[in-house]
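The structure appears below as C-alpha cells.
Residue numbers (my numbering): 564 to 1004.
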C-alpha cells in the first residue's frame, strides 16, 4: 500500500492550492479527482469562469461564444493539471475516492481499484446540482442543469428556468442577452426575498424591461415532451393547472454538498444533509481529517474555498490564528445586467439585530461613469449604525459593482467609519466615486 503524508479528495480551489503548498514543502501528497474534466474544480470548469465568459460576450454570436468558452476552459484546466503534475511531490489519481478507514482511501477506476494510506486526509469534493423529484424529469431530454446548459452549441429560442434564486436570475440574464425568450418560475411569493426590497423591485423592473418573465407562486408538477418541445405542467397561484412550452428547461433549484461515494461512515466522520460537519478550523470529528470548500455547506464561493485553505494551512503550521469565525464580512455578486453585489446586513436584518440605523439610496443613473458605460439602470443602498457610524451593509445594483463592493467590505472589516468612504478622493470618472454621494448621510 502506498503511503502519503496527505491525501486530498477533490481537485477544487482549496484542494489544489493545499496540494501545491504541501508539495512545495516537501511532503508526499496524493490528489484524487474522479473526472479529468474537473481539474481546477467547479469554478473553472462548470461555474463562475464559463458563465462569466458568457456574461462578458453577450454581443457576440452564441455558438461562437460557446466555442470560445470551451477553448478558454480547456486551457485553464490543462494549466491546473500541469502545475500539480509537474510537482515531484504530488501524485494525481484519476478515480473515485472513498473511505475504508480514517487513514485508508480506496480509489476506484473503470476496471480496477487500489487503496492508499494518508497520514492526514482532506475532503474537497465540492457540490452538485439538486435535481428535484418531479415526474418526467428523467425522461425529457431537453432538461438541463447550469453545467449542461452551457454545453449547448445552439441557443434555445425559449428557455424556462425552474427556480428564481441567484443562479436562475444569472442564467435568465445571460440567455436573454443572447436573444432567448426567458421565463423564470418561482414557487415562493416573490424573488430574492432576503434582499433589500428596493433592490428587489428594481431587479423586477429591469427584468420586465428586458422581457424576462417572472412567474411567482407557481409550482412545477410534471414534465413531458412533444417532439423537441418540453411541456412544463404547473400549478399556478390561482390553483389552476397550466402548461408552458419551451425548447429547453434549466433546473436552478440549488446545489448540495457532494458526499456520494465518499463512504464517510467507514471513517466515523460526522455529516448531515448540509455537508461534512467541521469546527471553525475545518477539522472534522476525526482528528486527522479536514474538509474544505462547498462540501462543508454554507456559502458556495471559490474565494471562500481559498480562505478555507488559509485556515487549514494555519492549523498545519500550528499557528491556529485563522478560523471561519474571524474571516470577517464576505461580499458576493450576482452577474445579472447590471451586476448585483452585496455585503453585510440588509436594513431589515440590522433592525432585527437591535441596531438603530440610517440608510441612503442613490440611483445609478446619477453616476457619470454609468452614463458613459450606457448602463444607467440600478440603485445603490447602504446601511449605517447610527450610534457608531460603522457600515453594517450595502447592496449595489449597478455596473462594475462586483469590483467596488470590495472597498466597502474592506471598510467594514477594518471597522472604519462611513466618513472614510464619503471623504475619500476617487479617480474620475469611475463607478466608485459614487461613494462620495452614497455615504453622504
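Built from N, CA and C at the ideal position, the CB exists for glycine as well. All of these numbers come straight from a predicted model, not from anything done at the bench.
Linking residue 855 to residue 577 through their CA atoms gives a straight-line distance of about 7 Å. DSSP places residue 822 outside both helix and strand once states are collapsed to three, so it counts as coil. Under the 8 Å Cβ criterion, the region 915-932 does not count as touching the region 866-886, having fewer than three qualifying pairs. Contact between residue 845 and residue 713 does not hold, since their C-beta atoms are separated by about 30 Å, which reaches or exceeds 8 Å.
Per DSSP, residue 771 is one residue of the alpha helix (DSSP H) stretching across 760-772. Under the 10 Å beta carbon count, residue 643 is surrounded by 16 or more other beta carbons and is classified as buried. For the options 874, 892 and 959, the alpha carbon positioned closest to that of residue 994 is the one of 959. Proximity to residue 684 across 698, 726 and 832 peaks at 832, based on C-alpha coordinates. Between residue 767 and residue 777, the C-beta gap is smaller than 8 Å, which places the two residues in contact. Annotation for residue 711: the continuous alpha helix (DSSP H) segment containing it runs 709-712.
In terms of Cβ geometry, residue 653 and residue 743 do not form a close pair [threshold 8 Å]. The three-state reading of DSSP puts residue 673 in coil, since its state is none of H, G, I, E or B. Counted as a single uninterrupted DSSP element, the alpha helix (DSSP H) harbouring residue 628 occupies residues 625-648. Residue 787 sits away from residue 726, with the two beta carbons spaced by 8 Å or more. In this structure, the beta-carbon distance from residue 656 to residue 666 does not fall below 8 Å.
Within the model, the alpha-carbon separation for residue 1002 versus residue 754 is close to 28 Å.
Of 814, 802, 807 and 801, the smallest CA-CA separation from residue 795 is found for 807. The residue from 589, 750 and 955 with its alpha-carbon nearest to that of residue 567 is 589.
Per the DSSP secondary-structure output, residue 592 pairs in a beta bridge with 569 and 653. Judged by their CB atoms, residue 972 and residue 913 are not nearer to each other than the 8 Å cut-off. Secondary structure note for residue 961: it is in no alpha helix (DSSP H), with a DSSP letter that is neither H nor E. Scanning its chain for C-beta atoms nearer than 8 Å, with the 5 sequence neighbours on each side dropped, one finds around residue 717 the residues 625 and 626, in chain order. The beta carbon of residue 891 is closer than 6 Å to those of 976 in its chain, skipping five residues each way along the sequence.
With respect to the 8 Å criterion, residue 740 and residue 812 are not classified as neighbours on the basis of their beta carbons. Your pair residue 595 and residue 686 does not check out as a contact, with CB atoms roughly 10 Å apart and the cut at 8 Å. Per DSSP, reduced to three states, the secondary structure at residue 788 is strand. In this structure, DSSP gives residue 895 an extended state, which the three-state scheme calls strand. Beyond the five residues adjoining it in sequence on each side, residue 885 comes within less than 7 Å, by CB distance, of 873, 874 and 877 in the same chain, given in chain order. Inclusion of residue 697 and residue 570 in the CB contact set at 8 Å is not warranted, their separation being larger than that value. Positions of the alpha helix (DSSP H) runs, each at least 4 residues long and wholly inside the region 847-881, are given as 865-879 in order along the chain. Looking at the backbone, the Cα of residue 746 and that of residue 772 are separated by about 13 Å. Across the set 658, 633 and 599, the C-alpha of 599 shows the shortest separation from the C-alpha of residue 645.
Residue 738 has its alpha-carbon roughly 11 Å from the corresponding atom of residue 724. Counting the other CB atoms within 10 Å of its CB gives residue 751 a total below 16, which places it among the exposed residues. Assignment of residue 601 by DSSP, reduced to helix, strand and coil, places it in the coil class. With contacts defined by Cβ atoms closer than 8 Å, residue 953 and residue 946 do not form a contacting pair.
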